[in-house]
Amino acid sequence: EHVCSIGYGGRFDLVKQMWRLSATEVVRRLKAKAVSPQELVEVAHQRWKETEPFINATPMTCFERAMQKAEMIHNHDHDKANFPTGYLYGLPVLVK
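Counting with this note's numbering, you get residues 2 to 97 for the letters of the sequence shown.
Structure, rendered in structure tokens:
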């Protein structure tokens, strides 16, 4: 399983723990570069796979496109002038 250091000197199993954090905390870690946009998409996708069979709430997904956008964000992070930097920028969301 994918494990990554995400701040406070501790290690969290991203697949099992990142989804438990508040959006504010995830964004704080994202801005501190303690976690990457790609890792967040991976976490969201894994959590969706674990819960969707029970919830049956998303008939259409776009995780591949989300990963492409996450890579674009990560690769162009230095070019702040040409990319939005709003509060939730880089945080994956699921819309029902």
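Ideal Cβ positions, reconstructed from N, Cα and C, are used throughout, including at glycine.
query	result
Mapping DSSP to helix, strand and coil, what is Val36?	coil
Which residues bound the alpha helix (DSSP H) around Lys97?	Here Lys97 belongs to no alpha helix (DSSP H), and DSSP marks it neither H nor E.
Comparing C-alpha positions only, which one of Lys70, Lys50, Trp49 sits nearest to Tyr90?	Lys70
Going by CA-CA distance only, name the one from Met19, Trp20, Pro38, Leu95 that's closest to Ala58.	Leu95
Hey, quick one: how far does the alpha helix (DSSP H) through Ala71 stretch, first residue to last?	64 to 76
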